[in-house]
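Enquirer:
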Amino acid sequence: MKISEILRQFADLTGLSASDCQGFAPMARLCAAHLRSRLRPDVDEAEHARELCTAAASLLLCQYAALPQSADGSFKLGDLSISGGAKISLLDARNARDELMAAIAPLLRADGAFLVQVEAV
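Take 1 as the starting number for the sequence shown in UniProt numbering and just add one per residue.
1) Q22 and T54 - do their beta-carbons sit closer together than 8 Å?
2) Below 8 Å, can you find three or more Cβ-Cβ pairs linking the segment 57-66 to the segment 92-103?
3) Contact check, L7 vs H48 under 8 Å by CB: the rounded distance?
4) Could you say which of R109, D12, L52, L59 lies nearest to P26 if we only look at CA atoms?
5) What does a CB cutoff of less than 7 Å around L13 pick up in its chain, not counting 5 residues either side in sequence?
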C-alpha cells in the first residue's frame, strides 16, 4: 500500500488539501500496517492495493472524525494544525469503514472471530 495513495483518498473523503493531509502520514502508515498485519498469508498485497488503500483511508477517516473539531472543521493536535476540512460525523465515518472492511474481508485472517454457544432459557 502506498501511503501517498491512502492520503490522496483521504483528501478526497475529507476535502482537506494535499498539504494538510501530509500531517496525517504517520496515522496513514499505522492504518496500512494494521491492515497488513491482518492480511491472509496467501494474499498478494500488490494485486489488491486499490481496495486495501481505500480501506486504509477509511480507517484514517475514522481517526480524523474522532478528533475534537471546532464548528468550522478546524483543530489543533500538538504541532499539527488543520483548518477548513469538511466536518465528518463519526457515525458516517464508521459506517464507511465498516462497509469497506466488509468488502476486503475475504483478504483478511479471521483470527478475531470466535463462536459461543448460547442456551435458550
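Glycine residues also receive a C-beta, built at the ideal position from the N, C-alpha and C atoms.
Expert: Looking at the atomic coordinates:
1) The Cβ atoms of T54 and Q22 lie no closer than 8 Å to each other.
2) Result yes; three or more Cβ-Cβ pairs closer than 8 Å.
3) Contact doesn't hold; Cβ gap of about 19 Å is too wide.
4) Ranking R109, D12, L52, L59 by Cα distance to P26 puts L59 first.
5) Answer for L13: A57, L61, listed in chain order.
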